[in-house]
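Participant: Going by UniProt numbering, the letters in the sequence shown line up with residues 1 to 210, in that order.
Positions of the beta carbon are idealized from the N, C-alpha and C atoms, including for glycine.
Below you'll find the structure I mean.
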Amino acid sequence: MPEEIVPEIYDITCRETNGRRYRAFLSVDGVPTLIDTGFEETMDQLFAGIDEIGVDPERLIITHEHADHVEGFDAVVDNYDVETWVPETIELDSTIDPDRRYGDGDSIGRFEAVHVPGHSPGNSALIDEQAGIGIIADVMFGSDLRGLPPGYLILPPEIYSNDLNEAERNLSKLLKYEFDVALVYHGSSVLENAKDKIEKYVEFPGKPDS
């Protein structure tokens with residue numbers, strides 16, 4: 001069942017198994033925009049969630065190249081009349097060429113793209129400063145995914161990441177933007193003071209000067 005997690009952005013659960021949720025987000029402010037697709041095998045759940053919201057996407061943004069974010073690309077393109085945006089740094093395993101490639105600092109509707117590699121080479125967050133919202137892809141996970149109290153953010157597990165040291169170094173890129181909400185794909189999203197919490201995570205007490 002989709003949830004309007006913040007005004008005009010819906011959290012659509014595509015799969016929930018072994019305590020883990022896989023999701024996509026649908027922004028209905030302006031051009032209806034689907035952010036990521038989930039697995040190819042979870043398209044029925046994604047499409048059912050979109051049908052329940054009652055707004056078909058007209059734009060699709062992919063945040064990075066991992067299967068739980070991009071594997072349903074072809075199915076979404078076949079099912080909806082969407083303009084597709086894919087990071088310029090990733091190879092898309094599809095017979096369908098994306099309409100647009102985007103990079104760090106590019107504007108896509110209400111969002112500005114922020115390239116934050118580490119978890120994956122193409123990992124990108126999407127920030128809407130006016131609304132104070134960051135869809136931070138897999139830059140960070142919800143803390144409750146690792147048995148901690150919800151409401152905070154942690155780095156993704158190393159086992160799922162390309163270069164966790166790079167991922168941590170690049171967190172500071174998010175601090176250039178103003179946002180209060182951080183929407184994540186794994187674990188619970190942080191709905192208040194998200195930037196402050198990330199800053200405390202990055203600038204921890206006793207951190208050596210770089």
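At which residue ranges does the stretch 19-66 contain complete alpha helix (DSSP H) runs of 4 or more residues, listed in the order of the chain?
Facilitator: 43-53
Participant: Smallest Cα separation from Gly-118: which of Gly-132, Tyr-160, Ser-94, Tyr-10?
Facilitator: Per the Cα distances, Tyr-160.
Participant: What are the start and end residues of the beta strand (DSSP E) that includes Tyr-160?
Facilitator: Neither: Tyr-160 is in no beta strand (DSSP E) and is coded neither H nor E.
Participant: Given a threshold of 16 other Cβ atoms within 10 Å of its Cβ, counted over all protein chains shown, does Gly-206 qualify as buried or as exposed?
Facilitator: Classification for Gly-206: exposed.
Participant: Are the CB atoms of Val-77 and Ile-96 nearer to each other than 8 Å?
Facilitator: Taking a C-beta distance under 8 Å as the contact criterion, Val-77 and Ile-96 qualify as a contact pair.
Participant: I need the straight-line Cα distance from Glu-166 to Pro-32, nearest angstrom please.
Facilitator: Rounded to the nearest angstrom, the two C-alpha atoms are 33 Å apart.
Participant: Please confirm if the stretch 102-114 is in contact with the stretch 80-88, defined as three or more CB-CB distances below 8 Å between the two stretches.
Facilitator: Cβ pair count under 8 Å is three or more, so yes.
Participant: For Ser-120, count neighbouring Cβ atoms within 10 angstroms of its own Cβ and tell me buried if that reaches 16, exposed if not.
Facilitator: buried
Participant: Buried or exposed: Glu-158, going by 16 or more other Cβ atoms within 10 Å of its Cβ?
Facilitator: exposed
Participant: Candidates Ser-172, Lys-200, Ala-113, Gly-49: which alpha carbon is nearest Asp-128's?
Facilitator: Ala-113
Participant: How is Arg-146 classed by DSSP in three states: helix, strand or coil?
Facilitator: In the three-state scheme derived from DSSP, where H, G and I count as helix and E and B as strand, Arg-146 is classed as helix.
Participant: Does Ile-96 come out as helix, strand or coil in the three-state DSSP assignment?
Facilitator: coil
Participant: Could you say which of Gly-30, Glu-16, Thr-17, Asp-11 lies nearest to Ala-24 if we only look at CA atoms?
Facilitator: For Ala-24, the closest of Gly-30, Glu-16, Thr-17, Asp-11 by C-alpha to C-alpha distance is Asp-11.
Participant: With DSSP run on the structure shown, which of helix, strand or coil describes Ile-136?
Facilitator: Of the three classes helix, strand and coil, the one that applies to Ile-136 here is coil, per DSSP.
Participant: For a cutoff of 8 Å on Cβ pairs, would you count Pro-156 as touching chain C?
Facilitator: Reference to chain C is not applicable here, since this structure consists of a single protein chain.
Participant: Whole angstroms are fine: how far does the CA of Asp-81 sit from the CA of Pro-57?
Facilitator: 8 Å
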